[in-house]
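If you use the numbering used here, the sequence shown corresponds to residues 5 to 404, in order. Okay, so here's the structure we're looking at.
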Amino acid sequence: MSGSNMNATPAGERAGIAIFGCCNVGKSSLINAITSQDIAIVSDISGTTTDPVKKSMELLPFGPVVIIDTPGLDDKSTLGALRVEKSLEYINQADLILFVVDASNETSPDEIEFLDKIKSNEKRYLVVGNKSDCEIIKNDIKADIYVSALKSINIDKLKGMMAQILAADKKEKTILGNMMKAKDIILLVTPIDASAPKGRLILPQQQVIREILDRHGIAIVVQVDEIESTLKKFNDIALVICDSQVFKEVDEILPEDIPLTSFSIIFANYKGALQSLYSAAGVLDTLESGDKILISEGCTHHRQCEDIGSVKIPRLVRKFSGLQGEKDLVFEFSSGDEFPKDVSVYKLIIHCGACMLNENRMKTRMKFAKEREIPMTNYGISIAYMNGILKRAMKPLENL
5 MSGSNMNATP AGERAGIAIF GCCNVGKSSL INAITSQDIA IVSDISGTTT
55 DPVKKSMELL PFGPVVIIDT PGLDDKSTLG ALRVEKSLEY INQADLILFV
105 VDASNETSPD EIEFLDKIKS NEKRYLVVGN KSDCEIIKND IKADIYVSAL
155 KSINIDKLKG MMAQILAADK KEKTILGNMM KAKDIILLVT PIDASAPKGR
205 LILPQQQVIR EILDRHGIAI VVQVDEIEST LKKFNDIALV ICDSQVFKEV
255 DEILPEDIPL TSFSIIFANY KGALQSLYSA AGVLDTLESG DKILISEGCT
305 HHRQCEDIGS VKIPRLVRKF SGLQGEKDLV FEFSSGDEFP KDVSVYKLII
355 HCGACMLNEN RMKTRMKFAK EREIPMTNYG ISIAYMNGIL KRAMKPLENL
């Protein structure tokens, strides 16, 4: 997680807009025009954009978005082809695709092929005819809007169209839903150990605290050792949310009549993935020697000692399954934008809470796994399941 500003909109809350097109159609110039900043390299040399480049901005009146500039679709070099293949993954991840064509040039086979691809993908898209200040429109692909990035023609109109499309799909929802009401006291258990980021809270904790404040609740933040003393001071705690790695300790301390769940579980619900992730937890009972398990995280961070994904969860799974040998279970790891193209080799995928992925990107990963019949669960659900407390951890979300 980057930054510690609680007012900054995290990547997981931003709609993704991916810009595709052939080399030199003006994708980078268009991004600079949309953002009113020179953030993308503009050049007459083909292939200037070599890897996807991301820029966060506010798209008014919609809100926060991240714009992704991709390499040219017609880069036929060996390295270019690999880059194009990599960038095409953003078709599934994006909430909106801008397909940029050069209005002054004739249609290319790569453009026709890409247009067919996004049409069959059932994604929201706009075809943008750039360089529309030319004398004659030569491209046969009919654009939804014609613009000139360099002369700022129709740029504001394009931004309005983008905002309108994204707003139509936007769902107003909260992280905690009806688990809390105004003036409720919410106890947050946030362990500070060797793997905790120095000087700041992790993003899910920040977001939950902010929502509690926005909804006029009372957030009390403690470590495990302070739970008992806090319960003596406050006898009307409405909900306890803990970090998944201390689920067992918190469950043992907390009276049964106080609702308990985890940050990972409520974010699974927030991303619209709770039921599917919950259903997959039972696979943990069926593990056999030689099975492969993928541990996947949506963010990239330096893994510390006792890291939850690379150390604690594998250790817990081995203990739960009784397969303690290093060769009995094989754990593999992915992070950030990386997600294996071939997940068929895994018996189970255990994903993080996905605070750095927006809902669309998380659902895309889940759909990808489901199509290959590979079950996917997440950190909080799997830890609660292996500790025998999943029923309790899910109870606060029953009526959402």
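The beta carbon of each residue, even a glycine, is placed where N, CA and C say it ideally should be.
Quick check on the burial criterion: 16 or more other C-beta atoms within 10 angstroms. Buried or exposed for Thr54?
The pLDDT assigned to Thr54 is 48, lower than 50, so where the model puts this residue is not dependable; a value taken from the coordinates is nonetheless given after this. Exposed, by the Cβ-count rule.
Give the straight-line distance between the Cα atoms of Lys252 and Arg365, rounded to the nearest whole angstrom.
The alpha-carbon atoms of Lys252 and Arg365 are separated by roughly 30 Å.
By the three-class DSSP mapping on this structure, what secondary structure does Val287 have?
In this structure, Val287 counts as helix in the three-state DSSP scheme.
I want to know whether the stretch 133 to 144 touches the stretch 201 to 217 - three or more CB-CB distances under 8 Å.
Result no; under three Cβ-Cβ pairs closer than 8 Å.
Give the straight-line distance between the Cα atoms of Cys246 and Leu86, rounded to the nearest whole angstrom.
Near 42 Å, if we compare the C-alpha coordinates of Leu86 and Cys246.
Quick one: is Asn403 near chain B, going by C-beta distance under 8 Å?
Of the protein chains in this structure there is only one, and it is not chain B.
Host alpha helix (DSSP H) of Lys58 (start-end)
Counting along the chain, Lys58 falls outside any alpha helix (DSSP H), though it belongs to the beta strand (DSSP E) covering 57 to 63.
Return the bridge partner residues of Phe103 from the DSSP annotation.
For Phe103, which the question treats as bridged, DSSP gives the partners Phe24, Val131.
When burial is assigned at 16 or more other CB atoms within 10 Å of the CB, is Ile45 buried or exposed?
Bear in mind that a pLDDT of 41 at Ile45, under 50, signals an unreliable position, so the model cannot answer this.
Measure the alpha-carbon distance for Thr111 versus Asn158 and round it to whole angstroms.
Rounded to the nearest angstrom, the gap between the Cα atoms of Thr111 and Asn158 is 22 Å.
3-residue-minimum beta strand (DSSP E) runs that sit fully inside the stretch 371 to 396, ordered along the chain
Counting only runs of 3+ residues, the beta strand (DSSP E) found wholly inside the stretch 371 to 396 occupies 380 to 382, in chain order.
Cβ neighbours of Gly276 in the same chain (closer than 7 Å, five flanking residues each side left out):
Cβ contact annotation for Gly276 (same chain, cutoff 7 Å, sequence separation greater than five): Glu363, Lys367, in chain order.
So, Ile101 versus Ala153, is the Cβ gap smaller than 8 Å?
The Cβ-Cβ distance between Ile101 and Ala153 does not fall below 8 Å.
Rounded to whole angstroms, what's the CA-CA distance from Asn28 to Gly76? Just pull it up for me.
Each residue's alpha carbon lies about 8 Å from the other.
Could you tell me whether the Cβ atoms of Gly25 and Gln97 are closer together than 8 Å?
Going by C-beta atoms, Gly25 is not nearer than 8 Å to Gln97.
Look up Phe337 in the DSSP assignment and say whether it is helix, strand or coil.
Strand.
First and last residue of the uninterrupted alpha helix (DSSP H) at Gly67:
Not the alpha helix (DSSP H): Gly67 falls in the beta strand (DSSP E), residues 67 to 73.
Use the C-beta contact count for Asp240: other C-beta atoms within 10 angstroms, 16 or more gives buried, fewer gives exposed.
Burial call: exposed.
Strictly by DSSP, which residues pair up with Lys296?
Per DSSP, Val334.
Any idea what DSSP makes of Gly268, helix, strand or coil?
Here the sequence assigns Ser to residue 268, which means Gly is not the residue at that position. Three-state result, Ser268: helix.
Which class does Tyr150 belong to by DSSP, given the choice of helix, strand or coil?
In this structure, Tyr150 counts as strand in the three-state DSSP scheme.
What first and last residue would you give for the beta strand (DSSP E) that runs through Ala223?
From DSSP, the beta strand (DSSP E) with Ala223 extends over 222 to 226.
Provide the residue span of the alpha helix (DSSP H) that contains Ala277, from first to last.
Where Ala277 is concerned, there is no enclosing alpha helix (DSSP H), given that its DSSP letter is neither H nor E.
Whole-angstrom distance between Ile224 and Glu230, CA atom to CA atom:
Taking the straight line from one Cα to the other gives about 11 Å.
Distance, Leu264 Cα to Asp255 Cα:
Near 8 Å, if we compare the C-alpha coordinates of Leu264 and Asp255.
Taking 8 Å as the threshold (C-beta atoms), are Ile378 and Ser338 in contact?
No, they are not a contact pair.
Which residues bound the beta strand (DSSP E) around Ile245?
For Ile245, the uninterrupted beta strand (DSSP E) segment begins and ends at 241 to 246.
Exposure of Pro318, with buried meaning 16 or more beta-carbon neighbours within 10 Å
Burial call: buried.
Nearest-angstrom Cα distance between Leu394 and Ala37?
C-alpha separation (whole angstroms): 50 Å.
Lys174 burial status per 10 Å Cβ neighbour count (16 or more: buried):
Residue burial is scored here from C-beta neighbours: Lys174 has fewer than 16 other C-beta atoms within 10 angstroms and is therefore classed as exposed.
Taking just the CA atoms, how far does Lys296 sit from Gly392?
Going by the C-alpha atoms only, they are around 23 Å apart.
Distance, Cα to Cα, Gln227 vs Leu291?
Each residue's alpha carbon lies about 33 Å from the other.
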